[in-house]
Amino acid sequence: MKKLLLILLVLMFIGPPAGLVGVAALVNPAARSCTVGSLIVGSIPDSLTTRTSSGQTLTLNRRQLTHAATITTIGSQIAGVGRDGVMVALMAALTESGLRMLANPSAYPESADYPNDGIGSDHDSLGLFQMRPASGWGTVAELMDPNYQARAFYGGPSGPNDGSPRGLLDIPSWQQLERGAAAQAVEVSAYPDRYRDYEPVAETILAALTRSSSTGPGSGVARVPETTQIVFPLPNGTYTSTDSFGWRTDPVTGARAFHAGSDLAAPGGTPILAVADGRVVFAGPRGTYGGLIILEHTVAGQTVATYYAHMYESGIHVDAGDSVAAGQHIGDVGSAGKSTGPHLHLEIHPDGQGQPAVDALDWLAEHGAAGIGDAEVALAGCRPERN
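Going by the working numbering, the sequence shown opens with residue 2, and the numbers climb by one from there.
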């Protein structure tokens, strides 16, 4: 509750004008963390017919879908955007311009000299997101470039405007906002309720653009999308490091043996969190591991496998084939298999399963793993029903 009040206070003082973001806009992101999908664009359809939330039928042409592909591809390349951020951007562009690059010759005659999909007339607004040069979004030449507009909408450290005007990544706690409210926080429109009507359209577009993604021609194997962040696998203050990576005296057999993981002692039932966005490739009992979950991720273009061991069967909350989000509650600490007490045995294998493990704690530190508190675990606690 304290965290929720803090978010509300932040939004009141540094967010969009009063009344545009309300309590109802704060939603549990768990419903979204179960649906992490690829952001790798495949072939672009010639057309796509879909419906808005209000029931309006829309048919988008290849040009509009190409702009959607640009928004998706640029979002996939910016840390912290992820699928949710791309969804917000698509909803904003659909609402503002119908996914068209609009010139505005009445305000800027030169805008008609740039490639465009038609003429707009909303003040001095230009392009996909109807950005205004007078508001500091960029020059006419910049705003008539769909790549620039997408980068400006996402903002953040790599954005072109240094946070003024604010892009999506410049909005505090945007991930906790309903997607339409997040779009409004960037656009600051006089009609804040329009964006959510396009959420199912954005979902359909993203599914159509990415459904054929694969690791290579004819591979038929879906590629795991680049992760949006790295997090520590246990909540802050719940664990103690009890056994490190490397050679040791085995606590059960007494023999000298190599320990491929890092052991983090924690009370039984402590939530285990996915360290990155990824896909479940194994979930179930496996020999001395006890209950084991193996995830595969893409981190800086590299395949990485993470192993989470010693859960009881009842403490495994995902199935093989599930997609997971960084920080998602995937299991509970247990003491199954070759274990002397409740703990998480964590292994990290750069280059994927079957490749040598590295020191998990060192790897997490090198990649700036964020710590997560108990309140955030409650928000990120997507636990899909198991068959």
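All residues carry an ideal CB built from backbone N, CA and C; glycine is no exception.
Buried or exposed by the 16-neighbour rule on C-beta atoms within 10 Å, applied to residue i
i	result
E297	buried
G372	exposed
P218	At P218, the pLDDT of 36 sits below 50, so the modelled position is not reliable; the number obtained from the coordinates is stated separately. That one is exposed.
T254	exposed
S263	buried
G302	exposed
D146	buried
G157	buried
W248	exposed
A366	exposed
R84	buried
D194	exposed
T241	exposed
G23	Residue placement at G23 is flagged as unreliable, the pLDDT there being 28, under the threshold of 50; a coordinate-derived value is accordingly withheld.
T250	exposed
D323	buried
G164	exposed
M13	At M13, the pLDDT of 37 sits below 50, so the modelled position is not reliable; the number obtained from the coordinates is stated separately. By the 10 Å Cβ count, M13 comes out exposed.
S315	exposed
D352	exposed
E111	exposed
P357	exposed
Q354	exposed
Q57	exposed
F130	buried
L7	Residue placement at L7 cannot be trusted, given a pLDDT of 46 that sits under 50; the coordinates are not used to answer.
R257	exposed
Beta bridge counterpart(s) of residue i as assigned by DSSP
i	result
W248	F259
D333	P272
F283	I295
Q303	V300
H350	A306
H344	A266 and G335
N62	S48
T241	A266
S136	Looking at the DSSP assignment, S136 forms no beta bridge with any residue, so it has no partner.
I231	A277
M312	G292
S54	Answer is none; S54 lacks a bridge partner.
S324	R280
Among the options, the one whose alpha carbon lies nearest that of residue i
i	options	result
H368	A277, M312 and G56	A277
A104	A142, G83 and M92	A142
V305	V202, V225 and T74	V225
T289	A275, T341, R280 and T239	T341
S55	G355, D198 and I45	D198
N237	T271, I331 and D264	T271
D125	G374, G137 and A108	A108
G137	E188, G374 and K339	E188
I75	R287, A337, E227 and P268	E227
R180	Q329, V202, R101 and S165	V202
Q329	V232, T243, L144 and G355	V232
I273	S190, A208 and G374	G374
L49	D333, S174, L91 and I206	I206
Y192	T243, E97 and P234	E97
T211	L66, L129, R287 and Q176	L66
Q150	A90, G269 and A183	A90
A275	T307, A361, Q356 and P286	T307
G128	M102, E111, P106 and M312	M102
P268	A69, P343 and A80	P343
L170	I79, G292 and L347	I79
L95	N62, P106 and A113	N62
A153	G121, A284, H311 and T71	T71
S245	A370, A266 and Q230	A266
Residue-level contact to chain D via CB, residue i, 8 Å cutoff
i	result
A361	Included in the structure is just one protein chain, with no chain D present.
Residue i: CB within 7 Å of a non-hydrogen atom of the ligand COA
i	result
A275	Although the ligand COA was asked about, the structure shown includes no ligands whatsoever.
Is it a yes or a no for the segment 40-57 touching the segment 117-125, going by three-plus beta-carbon pairs under 8 Å?
no
Considering only residues of the segment 71-130, which uninterrupted alpha helix (DSSP H) runs meet the minimum length of 4 residues and lie entirely inside it, listed in chain order?
83-98
Return the chain-ordered ranges of every alpha helix (DSSP H) run that is complete within the segment 155-184 and spans a minimum of 4 residues.
none
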